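Encoded as C-alpha cells, the structure appears first; notes follow it.
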Amino acid sequence: MKFKVEPVRGFRDILPPESEFLRIIVEKFVGVVKSYGYSELIPPTVELFELFAAKSGPEISRSMYVFRDKAGREVCLRPELTASVVRIYIKSLLAESKPVKLFYVGNAFRYEEPQLGRYREFFQMGVELIGDSSVYSDLELFLILRDYYKSLDLNNYSIKISDVGILRSLFTTWGVGEDVQDILLHYMDKKLYDEAIKTLNNYGRADIELLNEITKVRCENPSELPELTKSLSLPDEASRRIMRLYEVTSLMSSLGINNIIIDLSFARGLAYYTGLIFEVVVPNLNISIGGGGRYDNLVELYGGPPTPSTGFALGVERTYLALKGLGLTDRLGSGDKVMLISLIDNYAYVDRVASTLRSAGYVTNVRFTSKGKLGDIVGLASKKGYKHVVLIGEKEFKHSKATVKNLITKWQGEVDILKLPQCLRDC
Ligand code: AMP
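Each residue of the sequence shown is one higher than the one before, starting from 5 at the first, in my numbering.
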C-alpha cells in the first residue's frame with residue numbers, strides 16, 4: 005500500500021531552517037518574559053468545548069475543532085490559550101498574590117481557510133497578567149513587546165490600539181445587550197459596518213451619526229486624541245476610557261514605543277475583551293503578528309471572583325514571516341556552528357574536540373568521512389551556512405591538534421585543541 009505523504013490540508017511539516025528559526029523566536033520570547041518575572045503554564049491541548057463556547061466570538065467558535073471523546077464529552081482542540089490559563093488560574097492559583105504573571109507557548113487549532121500565515125495548527129506565545137487593573141499593567145505588556153522585538157531586531161512594527169469599552173459603553177447606553185454587542189464588535193472587526201448599522205437600526209436609541217464620528221477617530225500621535233474626541237457628545241464611561249487610552253499611549257511614547265496607531269474603529273475577534281485592545285502589524289504582512297487586550301470579566305464569567313486581567317498572544321509562524329519579509333532571519337542565527345570532520349575512527353579524540361567546542365558554546369555537527377569525500381562535506385558545510393570546519397586526521401590526533409578552516413576568508417591553520425574556541429573567535 006502506498007501512503008499519502010502530504011500532511012492534512014491546513015497542517016504543515018516544519019523543516020529546517022524554518023523549524024530552527026521558530027525555535028529561536030520562541031527562546032527569545034521566553035528569555036524576555038522570564039526577565040519580567042513571568043512563570044510558565046503548560047495547559048492541555050484538549051479542553052471542554054464549553055470553555056470556549058461562551059466568549060470566543062462568532063468567528064473563532066465557527067472555526068473550532070469540536071468532537072466527542074470516547075466517553076461522550078464534547079471537547080475541542082484549543083483555538084487559543086487564554087481561556088485555559090484563566091481556567092487554571094481559577095482552579096489552582098486563586099490564592100497567589102496578585103497580579104499573577106504567567107506565560108505560555110503552545111499550539112492552537114482553527115479550521116480556517118489556509119493561506120500564507122493562516123494555518124489550521126499554529127503556535128502562539130503569550131502572557132497573561134491576572135488581577136491588576138492599573139495603567140502600569142497595561143503598559144508592562146507593551147514594554148515586554150518593545151524588548152522582545154528589539155531582541156529580534158524587528159523595529160518596523162506598529163501597534164494598532166483602541167479600547168473596546170468605548171464602543172461597548174455606547175452600545176450599553178443604547179440598550180444593546182452584551183450578546184448583541186459581541187456580534188456588533190465581530191462585524192466591526194470584519195469591517196462589515198453595514199451589517200452593524202442594520203442591527204443597530206433595531207434599537208431606537210442608537211445614534212448612528214455618533215458611531216460614524218467615533219469610528220473615524222484615528223491618529224498616530226497620542227497627544228491628538230483629546231482634540232479629536234472633544235466635540236463628541238459621549239457617555240461618561242466612553243470619555244473616561246478615552247482619557248485612559250490617552251494616558252497609556254502617552255506613557256508608551258515616553259518609554260520609546262512610538263509606532264502607535266490609535267484607531268477607534270478597531271475591534272478584535274475574541275469576544276471576551278472589555279477594555280484596551282491592540283494588534284501588532286508589520287508593513288510587509290496584511291495580517292497581524294500578535295494581539296491582545298484587557299479581559300476584566302472573564303475570570304468572573306468562569307465562576308471566579310472579579311479579577312481585572314490583561315494579556316497578549318503572538319503568532320510564532322507570523323513573527324517568522326515578518327522577520328523573513330524584512331530580511332532579518334539571517335541575523336537570528338542559532339549561535340556559531342562548526343562542522344567537525346574526522347578522517348579517523350578515533351571516537352574518544354573526536355568526542356574530546358567536540359566537547360571542547362560545545363562547552364565553548366559552538367553548535368558542533370560531527371561527520372566521519374574519507375579523504376575522497378572530504379571536498380563534498382566541506383561544500384555541504386559551506387552551503388548550510390557554517391562559517392568554520394574543523395578537521396581531524398592522523399597527524400592532528402598525534403599532536404593533540406585540529407585543522408581549522410574558515411569557509412568565508414579561506415584561512416586555514418593547525419591549532420592546539422585547547423586553543424580551538426579562541427581560534428574560532430579570532431580567525
Ligand atoms: P488572535 O488572538 O486571534 O488575534 O491571535 C493572536 C495571534 O495568533 C495572531 O496575531 C497571529 O499572529 C496568530 N494567529 C491567529 N490565527 C492564526 C492562524 N490561523 N495561523 C497562524 N497564526 C495565527
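A virtual CB, placed ideally from N, CA and C, is assigned to each residue, including glycine. Bear in mind the structure is a predicted one, so any value in this text is a computation, not a measurement.
Residue i and residue j closer than 8 Å at C-beta
i    : j    : result
V284 : V342 : no
Y353 : I396 : yes
E116 : S67  : yes
G14  : R124 : yes
A271 : D193 : yes
I293 : G319 : yes
F53  : E84  : no
L361 : L384 : no
I170 : L229 : no
V168 : L189 : yes
V36  : Y152 : yes
Y366 : L428 : yes
G179 : R209 : yes
T86  : E51  : no
K219 : S173 : Strictly speaking, residue 219 in this sequence is Thr, with Lys absent from that position. Their beta carbons are not under 8 Å apart, which means T219 does not touch S173 by this criterion.
L274 : V90  : no
T314 : D142 : yes
S65  : A57  : yes
Y69  : C80  : yes
I264 : I163 : yes
L422 : H392 : no
L236 : L214 : yes
Y207 : A200 : no
Secondary structure of residue i, DSSP reduced to three states
i    : result
N263 : coil
V30  : helix
G329 : helix
Y40  : coil
D240 : helix
R77  : coil
K95  : helix
L289 : coil
C223 : strand
Y69  : strand
I170 : helix
I134 : strand
R13  : coil
D334 : helix
D151 : helix
L318 : strand
F7   : coil
N216 : helix
S438 : Nothing about residue 438 can be read from this structure; the chain reaches only from 5 to 431.
K194 : coil
T413 : coil
V180 : coil
T407 : strand
G376 : helix
R436 : The question about residue 436 has no answer, for the chain in this structure spans 5 to 431.
I281 : strand
S235 : coil
Residue nearest to residue i in terms of C-alpha spacing, selected from the options
i    : options                   : result
I165 : S138, P226 and G179       : P226
G260 : I293, A326, I148 and F316 : I148
T311 : T373, A317, R298 and G319 : R298
G121 : L318, G61 and I291        : I291
K381 : L204, L347 and V367       : What sits at residue 381 in the sequence shown is Ile, not Lys. I381 has its Cα closest to that of L347, out of L204, L347 and V367.
E2   : R429, S404, L411 and I412 : Outside the displayed span of the chain (5 to 431) sits residue 2, for which this structure offers no information.
T323 : Y161, G296 and K59        : Y161
M129 : S141, V109 and D142       : V109
P48  : A58, F71 and S88          : S88
L289 : L327, I264 and L280       : L327
S23  : P118, K95, F126 and R91   : F126
W145 : C431, L424 and F316       : Note on identity: in this sequence residue 145 is Leu, with Trp being the wrong assignment. Among C431, L424 and F316, the Cα nearest to that of L145 belongs to F316.
D340 : R72, D300 and D430        : D430
L232 : D198, P239 and E217       : E217
K375 : T413, L204 and E398       : E398
P239 : V408, N263 and D211       : D211
N369 : A358, R150 and K377       : A358
G279 : N206, S235, M247 and N262 : M247
I46  : R72, A112, F71 and A406   : A112
T253 : C223, S235 and L214       : C223
Cutoff 8 Å: residue i Cβ touching any chain C Cβ
i    : result
E224 : No chain C appears in the structure shown, which is made up of a single protein chain.
*Can you find at least 3 beta carbon pairs, one from the segment 123-138 and one from the segment 100-113, that sit closer than 8 Å?*
Using a C-beta cut-off of 8 Å, the segment 123-138 makes contact with the segment 100-113, since at least three inter-stretch Cβ pairs fall below that distance.
*If we count Cβ pairs, one from each stretch, closer than 8 Å, do we get three or more for the segment 300-317 versus the segment 16-36?*
Too few Cβ pairs lie closer than 8 Å, so no.
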